Amino acid sequence: MQSSDRQAEAPGRGPRVLVVGGGIAGLGAAQRLCCHPAFPHLRVLEATARAGGRIRSERSFGGVVEVGAHWIHGPSQGNPVFQLAAKYGLLGEKALSEENQLIETGGHVGLPSVSYASSGGSVSPELVAEMARLFYSLIDQTREFLHAAETPAPSVGEYLKKEIRQHMAGWTEEEETKRLKLAILNNLFNVECCVSGTHSMDLVALAPFGEYTVLPGLDCTFPGGYQGLTDRIMASLPKDVMVFNKPVKTIHWDGCFEEASAPGETFPVLVECEDGGCFPAHHVVVTVPLGFLKERLDTFFEPPLPTEKAEAIRKIGFGTNNKIFLEFEEPFWQPDCQHIQVVWRDTSPLEDAAPKLQDAWFKKLVGFWVLPSFGSRSCLQGKPHTGRFTPPRTELCCPAGGRLTGSSLCGIRRHSGLSPALSSALLPQFPGPGEAGPTLSFDGQGSVGLGIWDVNVTGVSSLLSQVAGVRPGLNLS
Ligand SMILES: Cc1cc2nc3c(=O)[nH]c(=O)nc-3n(C[C@H](O)[C@H](O)[C@H](O)COP(=O)(O)OP(=O)(O)OC[C@H]3O[C@@H](n4cnc5c(N)ncnc54)[C@H](O)[C@@H]3O)c2cc1C
Numbered sequence: 001m002q003s004s005d006r007q008a009e010a011p012g013r014g015p016r017v018l019v020v021g022g023g024i025a026g027l028g029a030a031q032r033l034c035c036h037p038a039f040p041h042l043r044v045l046e047a048t049a050r051a052g053g054r055i056r057s058e059r060s061f062g063g064v065v066e067v068g069a070h071w072i073h074g075p076s077q078g079n080p081v082f083q084l085a086a087k088y089g090l091l092g093e094k095a096l097s098e099e100n101q102l103i104e105t106g107g108h109v110g111l112p113s114v115s116y117a118s119s120g121g122s123v124s125p126e127l128v129a130e131m132a133r134l135f136y137s138l139i140d141q142t143r144e145f146l147h148a149a150e151t152p153a154p155s156v157g158e159y160l161k162k163e164i165r166q167h168m169a170g171w172t173e174e175e176e177t178k179r180l181k182l183a184i185l186n187n188l189f190n191v192e193c194c195v196s197g198t199h200s201m202d203l204v205a206l207a208p209f210g211e212y213t214v215l216p217g218l219d220c221t222f223p224g225g226y227q228g229l230t231d232r233i234m235a236s237l238p239k240d241v242m243v244f245n246k247p248v249k250t251i252h253w254d255g256c257f258e259e260a261s262a263p264g265e266t267f268p269v270l271v272e273c274e275d276g277g278c279f280p281a282h283h284v285v286v287t288v289p290l291g292f293l294k295e296r297l298d299t300f301f302e303p304p305l306p307t308e309k310a311e312a313i314r315k316i317g318f319g320t321n322n323k324i325f326l327e328f329e330e331p332f333w334q335p336d337c338q339h340i341q342v343v344w345r346d347t348s349p350l351e352d353a354a355p356k357l358q359d360a361w362f363k364k365l366v367g368f369w370v371l372p373s374f375g376s377r378s379c380l381q382g383k384p385h386t387g388r389f390t391p392p393r394t395e396l397c398c399p400a401g402g403r404l405t406g407s408s409l410c411g412i413r414r415h416s417g418l419s420p421a422l423s424s425a426l427l428p429q430f431p432g433p434g435e436a437g438p439t440l441s442f443d444g445q446g447s448v449g450l451g452i453w454d455v456n457v458t459g460v461s462s463l464l465s466q467v468a469g470v471r472p473g474l475n476l477s
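Everything in the sequence shown is counted per UniProt numbering, starting at 1 for the first residue and increasing by one.
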């Protein structure tokens with residue numbers, strides 16, 4: 001091991017604290033500690049060249065594009081993110097209004113929305129509303145089983161499916177409508193997977209599901225970008241607290257470590273970085289993502305964590321939430337439309353055998369959130385591509401004869417932080433011109449704009465690890 005980095009050495013005496021990870025959790029911890037006079041010697045070791053982690057606002061398109069987190073859920077006084085954002089003056093008037101803070105959404109926010117089926121037609125809003133009422137009443141029912149000794153099903157997914165089967169017995173419509181109802185419910189399952197960060201609701205235990213607290217307040221966004229919050233927290237920290245490009249390899253703890261520059265002093269913790277740099281400390285706060293901990297559990301802590309902590313890391317599941325940004329030359333949505341729900345025909349939450357994700361991952365896309373137009377400039381195309389460029393070969397049919405081309409998909413790669421290797425692995429999953437394959441077709445017309453798809457696809461993350469290798473800071477899960 002090399003001797004400690006000079007920049008980690010803090011002058012004077014007092015406990016040294018290291019925070020590993022400079023996402024909002026690490027920055028928040030650092031801010032709290034800095035306010036405390038007992039912790040003057042603080043460093044945040046961040047693997048990448050930037051702070052914020054999964055909060056990242058891209059501003060180079062002439063508007064704000066949230067690559068990671070987008071919403072403050074339940075923006076009201078009990079929400080610390082809301083409080084900080086309000087304190088820093090980062091929220092708009094509507095979000096700050098008392099009226100907005102008092103709205104009880106029950107966690108089911110309905111944006112002005114339109115639903116399209118994969119066959120190309122729009123879906124009756126009444127049918128969508130009926131299925132949403134059914135689905136969310138069932139979700140609300142799950143609270144009844146909070147801490148119950150026995151539950152009617154082990155998982156939320158199995159409970160919902162059981163109840164839906166019972167409701168179906170009372171459906172009197174023709175077969176086609178029944179199938180459409182199931183396809184709409186399938187979309188709502190996908191939305192819930194996104195909200196719960198899971199690949200399947202069958203993986204989410206029913207008994208503790210009601211522990212999730214829904215705060216009042218209609219979800220709001222940051223007009224200037226979510227990253228304004230992490231930027232402000234970082235700016236509040238004393239100079240030199242942040243240490244960038246310092247991926248931590250192993251945390252040696254419960255030891256007795258010395259530092260050449262402080263003879264006679266011992267530290268119980270030594271944080272060893274990938275580049276060989278070592279940081280002795282009295283305390284360490286670890287805020288790296290769960291996915292990273294799962295992958296590196298065997299080597300990240302030395303000695304290994306106590307069994308119950310290691311088991312918790314192994315047993316807590318997580319899914320993948322990614323975003324794909326699509327740019328259309330001509331919007332096909334109405335000007336007041338904020339959300340486009342995608343209903344995949346002939347899908348059903350009751351299907352036992354799910355298709356292989358590699359073949360059907362796009363059916364887990366839940367919809368588009370419409371972003372404002374950033375003028376007539378094309379955002380995703382014509383930008384310099386980093387890394388290996390995969391030539392456009394993909395065409396997805398768009399409404400009104402518009403086309404979404406492979407170069408837009410390369411835009412996905414760049415803006416989602418996916419590696420070139422991953423993007424070239426994804427591209428072949430779309431058909432080339434004239435080939436059969438997944439086709440999205442929609443009705444409509446409009447002007448220039450940008451759409452987002454929110455994706456929850458475990459396949460994408462496993463591709464990421466297979467093709468690109470999981471690297472700290474790359475994992476957006
Ligand atoms: C696409 C997407 C959309 C989301 N939308 C929302 C939303 O609308 N609203 C909402 O509330 N939440 C949303 N979230 C979730 C939210 O972004 C995260 O919960 C939150 O940002 C996590 O913060 P964190 O500090 O715990 O982790 P992270 O932000 O992941 O920070 C961890 C940091 O640790 C660093 N790191 C990793 N390994 C090492 C290492 N070995 N050494 C040193 N540093 C390391 C990483 O580089 C990173 O900077 C979304 C997430 C995603 C991915």
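Positions of the beta carbon are idealized from the N, C-alpha and C atoms, including for glycine.
All figures in this text were calculated on a predicted structure; none of them were measured in a lab.
For I55, the shortest C-beta to heavy atom distance toward ligand 1 is below 7 Å. Using a cutoff of 7 Å, the CB of H108 does not count as near ligand 1, since none of the ligand's heavy atoms is closer than that.
Contact check for L45 against T230 fails: the beta carbons are separated by 8 Å or more.
Taking C-beta atoms as the reference points, Q338 and V366 fail to come closer than 8 Å. Taking a contact as a CB-CB distance under 8 Å, the pair F267 and A281 counts as one, their CB atoms being some 6 Å apart.
Exclusion of H167 from the 7 Å shell around ligand 1 follows from its C-beta lying no nearer than that to any non-hydrogen atom of the ligand.
Under DSSP, M242 shares a beta bridge with V44. With a 10 Å radius around the Cβ and a threshold of 16 neighbouring Cβ atoms, E259 comes out buried.
Following the DSSP letters along the chain, one finds T250 inside the beta strand (DSSP E) bounded by residues 248-252.
CA-to-CA, the gap between L350 and G74 works out to about 31 Å. When Cβ pairs closer than 8 Å are counted between the two stretches, the segment 62-77 is seen to touch the segment 98-116, the count reaching three or more. Assignment of C278 by DSSP, reduced to helix, strand and coil, places it in the strand class. Short note on H70: C-beta closer than 7 Å to some heavy atom of ligand 1. Of all alpha-carbon atoms in S60, E158, V243, the one lying nearest the alpha-carbon of F279 is that of V243. In this chain, the alpha helix (DSSP H) harbouring R232 covers 227-236. Distance from the C-beta of A29 to the nearest heavy atom of ligand 1 is not below 7 Å.
Y116 sits buried, since 16 or more C-beta atoms from the chains shown fall within 10 Å of its C-beta. Following the DSSP letters along the chain, one finds C273 in no alpha helix (DSSP H) but inside the beta strand (DSSP E) bounded by residues 269-273. Between L180 and F135, the gap from beta carbon to beta carbon reaches 8 Å or more.
For T307, the secondary structure class from DSSP, reduced to helix, strand or coil, is helix.
Counting only unbroken stretches of 4 or more residues, the alpha helix (DSSP H) elements lying wholly within the segment 127-168 are 156-168, in sequence order. Put simply, the backbone Cα of D219 is about 39 Å away from that of V271. Secondary structure remark: continuous beta strand (DSSP E) runs of at least 3 residues inside the segment 20-99, in chain order: 41-45. Between ligand 1 and the CB of T172, the shortest heavy atom gap is not smaller than 7 Å. For F318, the closest C-alpha among the options V204, K363, V241 is that of V204. The DSSP-derived three-state label of A360 is helix. Checking the 7 Å criterion, the Cβ of K323 is within range of a heavy atom belonging to ligand 1.
Residue I139 holds the alpha-carbon nearest to the alpha-carbon of V191 among I139, S124, Y88. For Y159, the CB contacts under 7 Å within the same chain, skipping 5 residues up- and downstream, are T142, P152, A153, L206 in chain order. In the DSSP assignment, F189 falls within the alpha helix (DSSP H) that extends over 175-196. In this structure, DSSP gives Q334 a state outside helix and strand, which the three-state scheme calls coil. L365 carries a coil assignment under DSSP once its states are collapsed to helix, strand and coil. Exclusion of the five residues before and after H167 leaves L134 as the residues of its chain whose Cβ lies within less than 8 Å of its Cβ. Scanning its chain for C-beta atoms nearer than 8 Å, with the 5 sequence neighbours on each side dropped, one finds around V284 the residues V17, L18, V19, V20, I251, W253, V269, V271, in chain order. Around Y88, the same chain offers R232 as residues with beta carbons nearer than 6 Å, after the five sequence neighbours per side are excluded. For Y116, the enclosing beta strand (DSSP E) covers residues 113-117.
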